[in-house]
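As numbered in this note's numbering, the sequence shown has no gaps in its residue numbers, which increase by one up to the final residue, 110. Idealized CB from N, CA, C, for every residue including glycine. One structure is given below, encoded as structure tokens.
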Amino acid sequence: MAKLSFLAGFGAGYVLGSKAGRERYEQIRRGWENAKDDPRLQSIAGVAQAKADDAVSSLRARMGSEPPR
Numbered sequence: 042m043a044k045l046s047f048l049a050g051f052g053a054g055y056v057l058g059s060k061a062g063r064e065r066y067e068q069i070r071r072g073w074e075n076a077k078d079d080p081r082l083q084s085i086a087g088v089a090q091a092k093a094d095d096a097v098s099s100l101r102a103r104m105g106s107e108p109p110r
């Protein structure tokens, strides 16, 4: 999860701070549009979402079963 956040932040920073100009920005944007519609990426995102949901459920169960401090 930390790697994903880092990559997203790095990508956003690069796009926003890039001095390569509009052409490079458009190239990056088209690449993102193509990537986000890729079935492989959708599959990975689904797996990541399921794992995150499981982790949240587990955490909620543990928090509910312990007495308050």
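Beta-carbon within less than 7 Å of Gln68's beta-carbon, same chain only, minus the 5 sequence neighbours each way: which residues are those? Along the sequence shown, one-based indexing puts residue 68 at 27. Correct list: empty, nothing qualifies.
Distance, Ala86 Cα to Pro80 Cα: As a working mapping, residue 80 is identified with position 39 in the sequence shown. As a working mapping, residue 86 is identified with position 45 in the sequence shown. Distance between the alpha carbons of Pro80 and Ala86 is about 10 Å.
Does DSSP put Met42 in a helix, a strand or coil? Numbered from 1 along the sequence shown, position 1 holds the residue referred to as residue 42. Looking at Met42 - three-state DSSP - the assignment turns out to be coil, as it is neither helix nor strand.
Quick check: the Cα distance between Glu74 and Leu100, rounded to an integer number of angstroms? Residue mapping note: residue 74 aligns to position 33 of the sequence shown, counting from 1. Residue mapping note: residue 100 aligns to position 59 of the sequence shown, counting from 1. One alpha carbon belongs to Glu74, the other to Leu100, and they sit about 34 Å apart.
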